[in-house]
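Here the structure is laid out as structure tokens; the discussion comes afterwards.
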Amino acid sequence: MTHSQADANQHRLSLAPMMAWTCPHGRYLMRCLAPHLRLYSEMLVDQSIIHGPLDHLLAHHRDEFPLALQLASANPETLATAINAVHVHTDSTAIAEINLNVGCPSSRVQAGGFGACLMKDPVLLAELVDAMHQSAKVPISVKMRLGVDERTGYPLLRALLDMLAQHQCHHVILHARSAWLKGLNPKKNRTIPPLDYEMVHRLKAEMPDMRVILNGGLASAEICEQQLQHVDGVMIGRAAFADPWLMARLEKRLFGTPIPTLAKVVQTMMPYWQTQLNAGARPFELFRGTMHLIHGMPGAKRWRSILTEACHANALDIKGLTTMAHDLMLRAAL
Ligand SMILES: Cc1cc2nc3c(=O)[nH]c(=O)nc-3n(C[C@H](O)[C@H](O)[C@H](O)COP(=O)(O)O)c2cc1C
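Everything in the sequence shown is counted per this note's numbering, starting at 5 for the first residue and increasing by one.
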């Protein structure tokens, strides 16, 4: 199977799924900065979807498209039921991809038998992929690690990807390090063991029909461009919220879209925030992704302090924020 150029372009730049960060608010901010960015939701467990509330779990803004929904499951039947529920609940233009989490090492996820543990059970993984094919009306993908515990090394990874290809899954996102399920918490599992981009390059070179997206430690536009010479796409996680403008710079380099002014982004976000606050959104969730929007610029500290105050008081000083935003817009326009 080959991928068309237009199709390929849709996957060159993605935002990694991150619990608490790639909520609808974080994703909407990223969409303002990078119109071609493929957005991934936070991980949703199949059982949560089955038991709802779907309005809350599947909340999204129409501008988020293309949006990929990430699911976690260890049971083909409940996975299929959850995917069917997603399709019944969302209109056909809401979700562009369904992704399976095969990389999370947390103890909670291990207890459920999903996430990175699935790399130890290729038979179950294959059944889950089959279930996704049978129920999903949109393309599917798998996000995984290079290995898990003592099961590491190129031959094992290659065998897993061959199996995925045999089950018609031709799109993988590789967090380019192994996962340690015992003794390392999820945070440490994002820095230890070291990244191995070369293993990902080799995989793509040997499996040209597999769409291979590289993830892990990508924090500059230059490095992403270098990596794109070896893989089909790059996925950015922590760096996207540490410096949101990285995504705008990448969007410009990869798709030629002009970088929006700070004024434009704030102007777009203000009505969104207002609507969300009126609808009862919690400031802490609403502004988490926005803390570093004024990154390395004058006013950054004041910006964070207004938002932090809002989060603590659970109420936003809209007047303060509006004044601040207007100041910033004026300054940005100079
Ligand atoms: C706070 C946080 C939450 C995460 N949640 C998820 C998740 O829900 N699903 C998932 O597949 N990966 C999750 N990850 C892993 C990221 O998607 C990504 O693979 C990892 O952070 C490495 O990419 P980075 O170095 O660009 O951050 C999470 C990472 C962080 C920091």
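Yeah, the Cβ is synthetic: ideal placement off N, Cα and C, and Gly gets one too.
Distance, E81 Cα to N88 Cα = If you number the sequence shown from 1, residue 88 lands on position 84. If you number the sequence shown from 1, residue 81 lands on position 77. Between N88 and E81, the C-alpha separation is close to 11 Å.
Hey, would you say the C-beta of E46 is under 8 Å away from at least one heavy atom of ligand 1?
-> Working through the sequence shown from its first residue, we reach residue 46 at position 42. Yes, the Cβ of E46 comes within 8 Å of a heavy atom of ligand 1.
Quick one: is the Cβ of I240 within less than 8 Å of any heavy atom of ligand 2?
-> Looking for ligand 2 in the displayed structure turns up nothing; the ligands present are ligand 1.
Decide if S18 is buried, meaning its Cβ has at least 16 other Cβ atoms within 10 Å, or exposed.
-> As a working mapping, residue 18 is identified with position 14 in the sequence shown. Taking all protein chains shown into account, S18 has 16 or more neighbouring C-beta atoms within 10 Å of its C-beta and is therefore buried.
According to the Cβ coordinates, are M203 and A180 closer than 9 Å?
-> Translated into the one-based positions of the sequence shown, residue 203 becomes position 199. Translated into the one-based positions of the sequence shown, residue 180 becomes position 176. Against a cut-off of 9 Å, the Cβ pair of A180 and M203 comes out as a contact.
Taking only heavy atoms of ligand 1 into account, decide whether any of them is closer than 8 Å to the Cβ of H179.
-> As a first step, residue 179 is located in the sequence shown; it is residue number 175 there, counting from the start. Yes, ligand 1 has a heavy atom inside 8 Å of this Cβ.
Going by the beta-carbon positions, is the gap between H2 and H137 smaller than 9 Å?
-> Residue coverage of the chain in this structure runs from 5 to 338, which leaves residue 2 outside it and unanswerable.
Taking C-alpha atoms, which residue in A243, T26, V133 lies nearest to L290?
-> Counting from one through the sequence shown, the residue named residue 290 turns up at place 286. Of the candidates A243, T26, V133, T26 places its Cα closest to the Cα of L290.
Within the present structure, is the beta-carbon of G30 separated from the nearest heavy atom of ligand 1 by less than 8 Å?
-> The residue labelled residue 30 in the question sits at position 26 within the sequence shown. Look at G30: its beta carbon is at least 8 Å from all of the heavy atoms in ligand 1.
Nearest-angstrom Cβ-Cβ length linking N103 and K147, presumed shorter than 8 Å | On the sequence shown, position 99 is the one that residue 103 refers to. On the sequence shown, position 143 is the one that residue 147 refers to. That pair is a contact at about 6 Å.
Taking the runs of the alpha helix (DSSP H) that are 4 residues or longer, which of them lie wholly in the segment 276 to 307?
-> Counting whole runs of 4 or more residues, the segment 276 to 307 contains the alpha helix (DSSP H) stretches 287 to 291.
Cross-strand partners of K147 (DSSP beta bridge) | By one-based count along the sequence shown, residue 147 stands at place 143. Answer is N105, I177.
Residues that S18 bridges to, as DSSP identifies them | For the purposes of this step, residue 18 is taken as residue 14 along the sequence shown, with counting starting at 1. DSSP output for S18 lists R42, M239 as bridge partner(s).
Hey, out of G119, D153, V92, T97, whose CA is closest to S139's CA?
-> Position 135 of the sequence shown, counting from 1, holds the residue named residue 139. Answer by Cα proximity: V92.
How about M123 and R149: do their beta carbons lie closer than 9 Å?
-> Walking along the sequence shown from the start, residue 123 turns up at place 119. Walking along the sequence shown from the start, residue 149 turns up at place 145. Closer than 9 Å, so yes.
Does the Cβ of C108 lie closer than 8 Å to at least one heavy atom of ligand 1?
-> Taking the sequence shown and counting its residues from 1, the one referred to as residue 108 is at position 104. Result yes, Cβ under 8 Å from ligand 1.
Give the DSSP-derived three-state secondary structure of I53 in the structure shown.
-> By 1-based counting over the sequence shown, the position of residue 53 is 49. Here I53 carries a helix assignment [DSSP, helix/strand/coil].
Nearest residue (CA-CA) to L160, options D236, D59, D125 | The residue you call residue 160 lines up with position 156 of the sequence shown. Checking every option, the nearest Cα to that of L160 belongs to D125.
Closest Cα partner of L43 within the set L71, Y201, V49 | Within the sequence shown, numbered from 1, the residue matching residue 43 stands at position 39. The shortest C-alpha separation from L43 is found at L71.
Quick one: using the 10 Å Cβ neighbour count with 16 as the cut-off for buried, is Q233 buried or exposed?
-> For the purposes of this step, residue 233 is taken as the residue at position 229 of the sequence shown. Exposed: under 16 other Cβ atoms inside 10 Å.
Those residues which DSSP pairs with V152 across a bridge = Against the sequence shown, residue 152 aligns to sequence position 148. Per DSSP, R155, A183.
Does the Cβ of H15 have 16 or more other Cβ atoms within 10 Å, making it buried, or fewer, making it exposed?
-> As a working mapping, residue 15 is identified with position 11 in the sequence shown. H15 is buried by the Cβ-count criterion.
Is it buried or exposed for M301, if we count other Cβ within 10 angstroms and need 16 for buried?
-> Counting from 1 along the sequence shown, the entry for residue 301 is found at position 297. Exposed.
Which residues DSSP lists as bridging M47, in chain order | Within the sequence shown, residue 47 is the residue found at index 43, counting from 1. Its beta-bridge partners are Q74.
Out of H55, L73, G237, L164, which has the shortest C-alpha to C-alpha gap to R31?
-> Locating residue 31 in the sequence shown gives position 27, where the first residue counts as 1. The candidate whose alpha carbon is nearest that of R31 is L73.
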